[in-house]
Amino acid sequence: MSSAASNQSSSNAPGAGSGVAVNASPTFSPLYQQIKALITQSLQSGEWKPGELIPSEVELAARFKVSQGTVRKAIDELSAENLVVRRQGKGTFVATHHEERAHYRFLRLMPDVGEAHQADNRIIEVKRMRAPAEVARLLDVKSGDSVIFIRRVQSFEGVPTILEELWLPGALFRGLTAERLVEYKGPMYGLFETEFGTRMIRATERVKAVLAEPQVSELLDVLPGTPLLSLERVSFTYGDKPVEVRRGLYRTDRHHYHNELS
């Protein structure tokens, strides 16, 4: 990656010799943002795997020929975006979905009373199909392209609480089967990260209230017409590439949707 930095350098550009070019165009970004982009490229390329220790700030500063403070500011932003995790006295690690704290980053349904617990999953259906037009648009693939469709029910303490439907690009998730999902005991995003090299780093959501239809009410063990929370999520990996469409129906008689705004 040092070559990537040097390729951006120019002896005629302001700041030449810093290891990273300073571009005076209208799209100019601060130096720490350029370092952040270079570190992100290494994360995306797999130079440092999820859960691995990345080089120290001193090592990265030497690599990119910038100050340690510039590197620290880049790492600060990557940490705020949950791409890396700082551990006191140990260093900075690539974030992973296998960490306990990451389990609830994308699942925002919390119990009204007590602590959050991992859900028990019941896979109802997994199949390869052609992408419906709306799903194809959200995944940025062609209508009719191959996608993996998953339907499952998640239960907390024996109570079915979430009915989810997921669509994943077929090209990225070749080999994903119902059997693999059933036998895997960790978080689903952990499976995607470990076995398919796809890490979810951000998501957009749309939330609204709906009433339970008969088939849904049977799966969630509620009466038809029961109010439910409907949530549609599009998850993205590096490069803002959409890699999952997820639609969930949530019971909220014992849970609530929790989010922190900053």
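When the count follows this note's numbering, it moves up by one through the sequence shown with no breaks and lands on 265 for the last residue. Each residue gets a CB set at the ideal place from its N, CA and C atoms; glycine is no exception.
Alpha carbons only, please: which of the options is nearest the one belonging to residue i?
i    : options                   : result
A83  : M113, V97 and P230        : V97
R236 : L63, V138, L41 and E55    : V138
E208 : V61, L234 and L142        : L234
K188 : K211, H101 and S70        : H101
Y241 : I78, Q71, V213 and I204   : I204
L252 : T164, S32 and M113        : T164
L166 : P227, R125, T197 and A40  : R125
R154 : D148, L171, K145 and V162 : L171
V150 : V156, Q218, E168 and R75  : E168
L34  : R111, A64 and D115        : A64
R257 : P114, L46 and L81         : P114
T180 : L214, K130, E196 and K145 : K130
D243 : V213, R202 and H120       : R202
H120 : R111, F159 and R133       : F159
Can you give the Cα-Cα distance for residue i and residue j, rounded to whole angstroms?
i    : j    : result
V88  : P53  : 10 Å
P58  : W51  : 9 Å
V69  : G92  : 23 Å
Q44  : I38  : 10 Å
V210 : F67  : 43 Å
G200 : D224 : 36 Å
V61  : G72  : 9 Å
E128 : G161 : 20 Å
K76  : E198 : 32 Å
L46  : A40  : 10 Å
G49  : Q157 : 32 Å
H261 : F176 : 30 Å
P135 : D148 : 9 Å
V25  : Q218 : With a pLDDT of 45 at V25, under the threshold of 50, the modelled position of this residue cannot be trusted, and the question is left open.
A215 : P227 : 5 Å
H259 : A122 : 15 Å
G193 : R90  : 20 Å
If you reduce the DSSP assignment to three classes, tell me which class residue i lands in.
i    : result
P190 : coil
Q91  : coil
G242 : helix
E216 : coil
E196 : helix
V138 : helix
Q36  : helix
S48  : helix
I153 : strand
E263 : coil
E235 : strand
L184 : helix
L226 : coil
R254 : coil
I204 : coil
T164 : strand
E221 : helix
L41  : helix
Would you grab the beta carbon distance between residue i and residue j for me? Rounded to a whole angstrom, and I think it's under 8 Å.
i    : j    : result
L141 : V248 : 5 Å
S220 : T229 : 6 Å
T255 : L232 : 5 Å
Shorter than 8 Å from the beta carbon of residue i to some beta carbon of chain C?
i    : result
V144 : In the displayed structure, chain C is absent; only one protein chain is listed.
Quiz item: In chain order, which continuous runs of the alpha helix (DSSP H) of length 4 or greater are located wholly inside the segment 53-88?
Solution: At a cut-off of 4 residues, the continuous stretches assigned as alpha helix (DSSP H) that sit fully inside the segment 53-88 are 60-67 and 71-83.
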